[in-house]
Structure formats: C-alpha cells, structure tokens
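Note that the protein sequences, when read in sequence, are chains U and S.
So the first sequence is numbered by the numbering used here: it starts at 1 and just counts up by one.
So the second sequence is numbered by the numbering used here: it starts at 1001 and just counts up by one.
Backbone N, C-alpha and C define an ideal beta-carbon position, used for all residues, glycine too.
As the structure is a prediction and not an experimental result, all values here were calculated from the model.
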Amino acid sequence: MGDRILMQGNDAIARGLVAAGCAVAASYPGTPASEILSSIDRWRKICGATMHVEWAVNEKVALEIAYTAAISGLRSAVSMKQVGLNVASDPLLSAAYLGVTGGFLVVSADDPGPHSSQTEQDSRLLAMMAKVPVLDPASPAQAMAFAGTGFDLSEAFGVPVMLRPTTRVCHAGQDIDAPPFLPPVREARFVKDPARWAATPVFRRELHDRLAEKIAAIAAWPATAPIRVNTEGSPARAVAASGVAFAHARELIGELGISDRVALYQVIQPYPLHAAFIDHLLETYAEILVLEESAPVIEMQLSDRQRVLGRMTGAVPGTGELLPEIIERLLCRFAGLPVPDRAPAVQGGGRRPTLCPGCAHRSTFYAIRKAAPAGIYPSDIGCYTLGINLGAVDTVLCMGAAVSQAAGFDYAHRLSGKQVDIVATIGDSTFYHAGIPPLIDAVVQSARFVLVILDNGTTAMTGNQPTPGTGIGAGGETTAAVDMEGLVRACGVRFCRTANPDQIPEFVALLKEALLHAREGGVAVVIARQPCAMVARVAGGKEPGAIVITGECTGCRHCVDRFECPALVFDEAANRVRIDGMTCTGCGVCVHVCPVGAIRQDPAGEKPS
Amino acid sequence: MSADVGKPGAMRQQIVLSGVGGQGILFLSRLLAEAAIACGFPVLTSETHGMAQRGGVVVSHLKVGRFDSPLVRTGRADLLIVLKEENIALHREFLADGGTLVVNAPVPTDAGPRVRLHAIDADALALSTGSPLAVNLVLLGFALARVGGGPSGGLFCTAGEIREALTRRQGAGGARLAAAVSALDLGIAHGT
C-alpha cells in the first residue's frame, strides 16, 4: 500500500485525464468542479506532459476550445459545474451531431443538495437532450478510471462523452494508486470536411441519423454495461443505482445483511441505458428500486415501469440529496425490514457564511447602502452574494444577470414613471464571464443604473483562480491581461471611475456622483478595486495596528448589523462590542463605521494575534 | 469500533469533524486520512467547499477501514471532534451510542447521555502560543491524549503517526512543521 496516496475526487479525475493522454484542458471555476483544472496542471508538471491548460473566460469558450482540439485528433477535456454546462450547452448540442476524431470528455459536476449552487439540475438530462453518452462515477477511484474509459468510448464512436461526478465524488477523498503516465504520441491534424464541420441543415439531418445509430450502438457497448456487484442467491428484487447513491446502497446492503434479498446493480452509463440490461431487469425481477441523483434518468428509460420504484413513482424523494439515511430507509422498506426512524443530520443551520474579515466587499456594500439607501440592488454569483447579509443584495439569478437585471429594473420602473436608484454589483471574474454583452446592451438602450464591479483581482469564491485581468495563467505563467477600464469604456460607458472601497467616505461620495450621472441617463461604472483579503493574507503585506473598542461604545449594534465583520462580536452581557482577536485582520475599515467613533485603530498597539 | 482492532482488515472507524470556515477542518481531515493510509488502512473522506467555507459551518467525514460510502450516517460516528462549541447542537446526532465527543470549549458542556465528553479551551491555548490558526492541531493532540491512539486506542493512529503525517505534509525541519508539532504536543500535554 506504500504507493497509495490521498486523492480528492477532482484530483483523481485530473490524474485520470492526464494519464489517458489529454492534451488540451479548459475550464471555468465553479464548486464542486473547480479543483479539476488546477489539478490537471499540477499532474501535467509532475508527469512532464505537453499540454495546453487554461482557465477560460467562461464555460462556452472552454468547451469550444477543448472540442476543437478533439476535432483535430487530440484528446481533450473541459470541466465545469452543472450550471456552467447551461452556458456551454449551445456548442455541446451541436458538437454531438458533428462528433469528434480525438477523445473528448465534458466533465460536468452536479451538486445535489444543493450545497453551493443555484439549482440541483442533473447534467445527465442535458446529456440525454444532446444525445451524448454519460458516465456516473461512484467514488474518486472510479472517476479516475472513467476518465480513461470515457476517452475510449469517445474515440470508439466519435462522440463527445460526459463524465458526471457529483459533490460527494468531487469532494470525497480516497486512497488511490495513481496510474502510470504514458506520453501521448499524437499530433494535431485537422482534416477538412466542410459538410461535417460546417454542416448546413441538410447535412445536420444526416448527422442526426448517424448520431442516433451511434447511441443505439453505445447502448450495447460492453465496457460500460451495468454490473451486478452481489451474486448471492436469486432474489426477486433488484436495486439499480448510479453515482454515489450506489456507494451508499452497496455499504448499506452489506451492513443490513440483505445481500441475498436484493440484487444490486451499478449503472455506470445512465444514458444511453444498455438495452439488454433493461430487458434483463424487467424479465428477472418482481420489483426494481432505482436510486440516482438527481433526476429520474435511468428510471425513465425503463420501458415498462409497472414494477419500478423511483423518483417518478414518488417512492424516492423528488428533490434534495439522496443521503445515506434516506437510502437506508428506502432499502429497509424495499427488503421488508423494519424502517429505522433515524433522520439525516439537519442541513444548514448554525453560523451563516459571511464575508471574510478584512474583505473589501463589505466596505463596498456598506457604502452602497449609504449612497442609495432606497435603491434596488441586483447582484450576481460569487463571494459577494453574501452581501445579502448586509441588505445590499436584492437579486441573484445567474452569472452576468446583475447587469441585465439592473437594466430590466430601470425599464420596468420607467414605464411606470418612477425614478429609482439602481446599484448593481458584479465580481471581476463574473463580469468577464457574462457581464460584457448586457453592459453593451444597457449602453445602447440608455439604461440608468450604477454598476459596481468588485475587482479583487481573483475568482475568490472558488479558490482564487486567476481572471482575465490578473495576467497569470492556470500554471502560474505570465499572460496578457485585460484592461478593465479600457474594456468598460469600449462598451460605450462614459462614466467609469476606479477607487478603493475601504476608504469609505470617499467611496460613498464617488457612488453619489455615479448615481447623479445615471439619473441623467446612462450607465455609470464604478470599479471597486482592492485585493481579496484571502490573497492579501497569504501574501503578507501591511502590518496593521490593533483595533480597540473604547468605553464610548453604546451597544447600538450598528457595526454588528450593518457591517457584519466576524471579528466584531456583540457581548450581550456587557451590552457592548468587542474585537475577536482570533479573526481580526486589523484592516481598520470598521473605524469609519461606528456612529460614535468608539472603534479606533491603535498604531502603537500590537498586531492582533 | 470493532473489538478486534489491531488487524488492519478489521479496522472500521468513523469520525466526524465539525467547525466553521477558517478553522482548518479540511487540513485536519486530510492529515488524519494520510495517517490512515500510512497505517495501511483504506480511507474515504467527504469535505465541505465553496460558499459554506466563508466562516459558515464546515463538516468533514472520515471513514477508516472497508467502506463504500464517503458519508457517516447519523448515530454511527465513533468520534466527533468539534472545533466550534455551538456546532454540537448541529452535529451531535452523528455520534453513536457511547461515542466520544471532543470539543473546543472553555467549560465542559452538556452533550447529553451516553456520550463520553472531553473539553478543552483550545482557542485560549492556541492564542497563548501566538498561533491562533493552530487551534485544530491543539484539539487533535488533546483528543489523542484522551482517547488513546493506535491498535488499542480510540483513534486508529498514534501521536507518532500523526507527527509523521505532519512531516510528510510540511517537509522536515521547517518552522511551519515545528509550530505544528508544538501545537499538537501542547494539546497532548493538556490531555494527559
């Protein structure tokens, strides 16, 4: 066991991809998929592989880059979270028709729960819609193996293949023996065939026919056929499970001692479901329980559902994660055992997430409420969604929507003759990802709002990946950097100013100026530029003095409620605020927040320890 | 925990670690997982990432021995290590009957019946050494001293095996390793 190392699921997927000869990998970060690309780059360096690895501006661009390598004969992969697949769905559906010549894997990580996502959507449904096969790993080790299987499948049939891990695979860790790395011996070679690569609708119909034939053949491909993992006796009941639901079921069937009562099958490839497996299940078993996350993809392909229990029949909960406690109850009921009354641990509750101590977003949100107290505050996806705690985030829809929603609020209220201050917030990475087209649109339509771009120089929420403005690539190499102010002005914005939000009084004044401009007709952009506190902490930097609370504190709670820094703790017994030395970074911004000036920076004091 | 610990094939231990973002829960669970692998045990972990890490509740599951699922079910944990006292209410139910709760708390709290409780003010200890970020290792050291490690103990590995895992993680001889080991030892000293 000496060679076994702890690998996170995302790390294992990355290792599997590099070991299988992936030459081009692109991604946009998103939980739970973020670590895949950074791991690919780490394995690339360790293995000495020749690869192009990049953080793309968004998932659509990432997919198109990787796909194009695969029609040039190389193996390639794109990774993203499930909502990122929505962004990339346009090229995916078309790519399924055109096919590939080199292996092409689309890794789309789902988040049943959801733990860190807007939706619980099932990427396998999108695979079904696109007509691409999808593999559903149950563990990190399996996810690593499926990367190789996926490339083989992709090349055997010339189709894109989806690998669909979930949070419990991506962020599970397991002892794994890393496979050897064999340097690929291919070179890129694009063979021109306009009837295929640039197919017009006439040819698309033919390509669709060919895709349907491929899918039928893939439903008989031996390497991805379902496996029965317990072979005791000839039970009348069967469980067909995929992904981590299979892992839970396997452990539970062992612990409950019902292996002779229930046959357990792992479905490796939920779409297309193997035709022979469908026949076998329906011919052999009196009752079939389907366990899968999060949509009934396997279940709906069972042609006769008279004896099938699953999400469609209501036997399995229709929403939420299939936690092992839930599966335990389902299996007990299915096998005729007493059903335990133990419920899963309550999800949520406890301390809510907040912006980090020292985070400049806190200053920005505080200033926005000062400058536009009656405003509407559209926001977006990132750490700064936590501005909701500060009452400065009213809407969060999807990546980039802060800008279009700001415009939409203006148009809607204008129709009713109302003048409202609208202050939208969007992070730098999200702005590059999907904020530019709606900004152009807003300029053209003379929308009246202030857009605050929270430029902390990083994609913080997902683990500090670089943005197009950072000038650093996925492997730490220097890249070209986009000039944000130049980009904003090129979109047609006439008011574009940059400031440090931690200087709260000056920043409030700037926001008021921007609001005046917006009211007169036109988008105003304020770039709130201050490095991410997490990055600054790692990098070191200024040695702040101690923050002290003087005897003047009246216990009014203004700083606790409106500024919500984790380092400001309200002492109920003493009816005053104290500083938590465990978390205070000494940034000193709270000094501006106290209405009676009871928070002071003591430059002679020691740095909080 | 099974009665015949000592035989690697028989080892089955389920541990839940609970805290809030920034307390080093991920580090602690990975350290324990690496120690388990070095002892020759299979291991499965489950971590919290993303939004929840921003100071919110973080929980890690660690299963040492032969398991398939990465999650510990409620009522199944042999050991629950709580770095933020207020999380006891959230995660107490993971503990098995007779399981052990090790908590970072200034005074022993009420954890209910059939729980073996060990409490220590790890925050204060870590602050006293000038390294507030070491609170996770202080608590782990304390837990090791209280439940015992290795084949006959309440934890699958010994303090020595944790030190070796720390060395593999942080490289021998560095200042970070020295600080980490001293935090672990501080916890052990207070638990002995």
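Nearest-angstrom Cβ-Cβ length linking residue i and residue j, presumed shorter than 8 Å
| i | j | result |
| --- | --- | --- |
| residue 386 of chain U | residue 1054 of chain S | 6 Å |
| residue 1103 of chain S | residue 1085 of chain S | 6 Å |
| residue 1046 of chain S | residue 1026 of chain S | Actually they are not in contact, since the Cβ atoms of residue 1046 of chain S and residue 1026 of chain S sit about 11 Å apart, beyond 8 Å. |
| residue 1159 of chain S | residue 1144 of chain S | 5 Å |
| residue 424 of chain U | residue 406 of chain U | 4 Å |
| residue 136 of chain U | residue 124 of chain U | 7 Å |
| residue 559 of chain U | residue 587 of chain U | Between residue 587 of chain U and residue 559 of chain U the Cβ distance is about 13 Å, and since that is not below 8 Å, they are no contact. |
Alpha carbon of residue i to alpha carbon of residue j, nearest angstrom
| i | j | result |
| --- | --- | --- |
| residue 21 of chain U | residue 332 of chain U | 44 Å |
| residue 596 of chain U | residue 391 of chain U | 22 Å |
| residue 590 of chain U | residue 501 of chain U | 12 Å |
| residue 542 of chain U | residue 352 of chain U | Reliability of the predicted coordinates at residue 542 of chain U is poor, the pLDDT of 47 falling under 50, and no value is obtained from them. |
| residue 42 of chain U | residue 18 of chain U | 10 Å |
| residue 254 of chain U | residue 238 of chain U | 14 Å |
| residue 456 of chain U | residue 360 of chain U | 8 Å |
| residue 581 of chain U | residue 46 of chain U | 40 Å |
| residue 149 of chain U | residue 1156 of chain S | 35 Å |
| residue 66 of chain U | residue 499 of chain U | 37 Å |
| residue 131 of chain U | residue 309 of chain U | 25 Å |
| residue 459 of chain U | residue 528 of chain U | 15 Å |
| residue 518 of chain U | residue 524 of chain U | 6 Å |
| residue 1177 of chain S | residue 1169 of chain S | 9 Å |
| residue 1129 of chain S | residue 362 of chain U | 30 Å |
| residue 76 of chain U | residue 398 of chain U | 27 Å |
| residue 271 of chain U | residue 127 of chain U | 8 Å |
| residue 1269 of chain S | residue 1088 of chain S | Residue 1269 of chain S lies beyond the range of chain S shown here (1001 to 1192); nothing can be said about it. |
| residue 11 of chain U | residue 174 of chain U | 10 Å |
Closest residue to residue i among the options (Cα-Cα distance)
| i | options | result |
| --- | --- | --- |
| residue 276 of chain U | U:15, U:218, U:157 and U:468 | U:218 |
| residue 1142 of chain S | S:1179, S:1129, S:1125 and S:1130 | S:1125 |
| residue 302 of chain U | U:279, U:295, U:319 and U:317 | U:279 |
| residue 1163 of chain S | S:1138, S:1151 and S:1152 | S:1138 |
| residue 563 of chain U | U:400, U:474 and U:369 | U:369 |
| residue 337 of chain U | U:441, U:363, U:80 and U:257 | U:257 |
| residue 230 of chain U | U:248, U:184 and U:259 | U:259 |
| residue 1082 of chain S | S:1091, S:1113 and S:1026 | S:1091 |
| residue 34 of chain U | U:69, U:78 and U:70 | U:78 |
| residue 535 of chain U | U:358, U:448, U:388 and U:487 | U:358 |
| residue 330 of chain U | U:300, U:241, U:407 and U:415 | U:241 |
| residue 512 of chain U | U:530, U:570, U:422 and U:13 | U:422 |
| residue 64 of chain U | U:26, U:39 and U:560 | U:26 |
| residue 340 of chain U | U:350, U:346, U:328 and U:334 | U:328 |
| residue 268 of chain U | U:228, U:335, U:300 and U:262 | U:228 |
| residue 483 of chain U | U:452, U:54, U:293 and U:432 | U:432 |
| residue 532 of chain U | U:345, U:559, U:466 and U:92 | U:466 |
| residue 203 of chain U | U:155, U:94 and U:220 | U:94 |
With 16 other Cβ atoms within 10 Å as the buried cut-off, status of residue i
| i | result |
| --- | --- |
| residue 634 of chain U | Nothing can be reported for residue 634 of chain U, as the shown portion of chain U is limited to 1 through 609. |
| residue 366 of chain U | buried |
| residue 182 of chain U | exposed |
| residue 163 of chain U | buried |
| residue 97 of chain U | buried |
| residue 373 of chain U | exposed |
| residue 3 of chain U | exposed |
| residue 1188 of chain S | buried |
| residue 348 of chain U | exposed |
| residue 411 of chain U | exposed |
| residue 516 of chain U | exposed |
| residue 495 of chain U | buried |
| residue 115 of chain U | buried |
| residue 490 of chain U | exposed |
| residue 306 of chain U | exposed |
Near the ligand SAH: residue i beta-carbon under 6 Å from a heavy atom
| i | result |
| --- | --- |
| residue 1078 of chain S | Annotation note on the ligand SAH: not contained in the displayed structure, which lists no ligands. |
Short CB-CB distance (under 7 Å) between residue i and chain B
| i | result |
| --- | --- |
| residue 1045 of chain S | Within the model displayed, chain B is absent; protein chains U and S are what it includes. |
**Study point:** 4-residue-minimum alpha helix (DSSP H) runs that sit fully inside the stretch 220-275 of chain U, ordered along the chain
**Key:** 243-256
Practice item. Could you tell me which uninterrupted alpha helix (DSSP H) segments, each at least 4 residues in length, are contained entirely in the stretch 318-362 of chain U, listed from first to last along the chain? Key: 324-335
Practice item. For the stretch 86-110 of chain U, list the beta strand (DSSP E) runs that are entirely contained and at least 3 residues long, ordered along the chain. Key: 104-109
Exercise for review: Please go through the stretch 511-580 of chain U and give each complete alpha helix (DSSP H) segment of 4 or more residues, from N-terminal end onward.
Suggested key: 533-539
Review point. Mind pulling the alpha helix (DSSP H) runs of 4 or more residues that sit fully within the stretch 1084-1113 of chain S?
Key: 1088-1091
Check your understanding: Which parts of the stretch 414-444 of chain U are runs of the alpha helix (DSSP H), unbroken and 4 residues or longer, counting only runs that do not cross its ends?
Key -> 436-444
Exercise for review: Identify every run of the alpha helix (DSSP H) within the stretch 118-202 of chain U, keeping only runs that are complete inside it and at least 4 residues long; order them along the chain.
Suggested key: 123-130, 140-157, 167-170 and 194-197
Exercise for review: Entirely within the stretch 1020-1091 of chain S and at least 4 residues each: give me those alpha helix (DSSP H) ranges in chain order.
Suggested key: Here the runs fully enclosed are 1025-1038 and 1088-1091.
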